[in-house]
Amino acid sequence: MKKIQIAIDGPSGAGKSTMAKIVSKELGILYLDTGAMYRAVALKAIKSGIGTKDSAALAKMVEDIDIRIDYKDGQQKVYLDGEDVTEDIRTPDVTVGSSDVAVFPEVRKKMVDLQREIAKTNSVVMDGRDIGTHVLPNAEVKIFLTASAEDRAKRRYEELKEKGTLKQTFDEIKQEMEYRDKNDSNRIVSPLKKADDAILLDTSGLSIEESAKKILDIVRTRI
Ligand code: DC
13 MKKIQIAIDG PSGAGKSTMA KIVSKELGIL YLDTGAMYRA VALKAIKSGI GTKDSAALAK
73 MVEDIDIRID YKDGQQKVYL DGEDVTEDIR TPDVTVGSSD VAVFPEVRKK MVDLQREIAK
133 TNSVVMDGRD IGTHVLPNAE VKIFLTASAE DRAKRRYEEL KEKGTLKQTF DEIKQEMEYR
193 DKNDSNRIVS PLKKADDAIL LDTSGLSIEE SAKKILDIVR TRI
């Protein structure tokens, strides 16, 4: 059977994972959060005392890194060298570090190979920064999701507060997002960029339900 591929890209806090989860549930296909993989690389670097900007050490580190994605009760679990790190990859240090390690081609190649391998055997909705431009260039649906910087920071703040994992002030979250947006958009390899054939969706001021309706309408007309 033909595998469906749906790519959702955009800056941090645009609501990509929330929307991707809704699409995955609605269509009964796999959701792959590719950011979690870059986070796992950053976590390993931090734990090993390797700088998240040390390209040579990172290139060596990822040669034999073991990142695995599994699903438990419909939730994505991330395993780093056999250990469940699903929660550990959400700290502020790992968040900033993930954007730093994602600049390096050796790191990206390893992650992209893994992502494409998963898409080979599954219908997927993937969210990230380079899915429509690089990882799945032939995806049936490509959406570039964005929202104002203020809205994105507010959403991320509320999300962390709700989960009980809020460790930063609103301003710290906003600054971290600005840093990552700039870093992710200006890197040389596969920067955050709307694919020419992606549909731009600005969800500023929209509720989750309103955004989901727009996305599902787009998806339904294309698959
Ligand atoms: O989606 P996220 O915020 O969990 O991603 C963490 C970092 O990983 C992000 O700042 C940039 C990087 N990333 C990437 O370069 N390419 C992807 N496809 C996904 C994430």
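Our numbering numbers the first residue of the sequence shown as 13 and each following residue consecutively. Where is the CB? At the ideal position from N, CA and C, for every residue including glycine. Note that this is a predicted model, so its numbers are computed, not measured.
- Counting only runs that start and end inside the segment 39–69, the alpha helix (DSSP H) elements of at least 4 residues fall at 47–60.
- Judged by DSSP in its simplified three-state form, residue 113 adopts helix.
- In the same chain as residue 214, and ignoring 5 residues on each side of it, the C-beta atoms closer than 7 Å to its own belong to 158 and 159, in chain order.
- Taking C-beta atoms as the reference points, residue 90 and residue 81 count as a pair closer than 8 Å.
- When rounded, the separation of the alpha-carbon atoms in residue 167 and residue 177 is 14 Å.
- In this structure, the beta-carbon distance from residue 210 to residue 154 falls below 8 Å.
- Taking the C-beta atoms as reference points, residue 227 is found no nearer than 8 Å to residue 53.
- Per the coordinates, the alpha-carbon of residue 137 lies some 14 Å from the alpha-carbon of residue 86.
- A Cβ-Cβ separation of about 5 Å places residue 143 in contact with residue 21 under the 8 Å criterion.
- Distance between residue 222 and residue 50, taken at the CA atoms: about 30 Å.
- Take residue 109, set aside five residues on each side of it, and the residues of its chain with a beta-carbon closer than 7 Å to its own are 54, 57, 58 and 64, in chain order.
- Residue state for residue 233 is assigned as helix, using DSSP reduced to three classes.
- Looking at 99, 37, 98 and 26, the one whose alpha-carbon comes closest to that of residue 165 is 26.
- Relative to ligand 1, residue 168 has its C-beta separated by 7 Å or more from all heavy atoms.
- Per the Cβ contact rule, the segment 182–190 is not in contact with the segment 115–125 (fewer than 3 Cβ pairs under 8 Å).
- Judged by the Cβ position, residue 81 fails to qualify as a neighbour of ligand 1 at the 7 Å threshold, every heavy atom of the ligand being at least this far.
- At a cut-off of 7 Å, the beta-carbon of residue 100 does not count as near ligand 1: no heavy atom of the ligand is closer than that.
- When rounded, the separation of the alpha-carbon atoms in residue 31 and residue 220 is 8 Å.
- For residue 140, the Cβ falls inside the 7 Å cut-off from some heavy atom of ligand 1.
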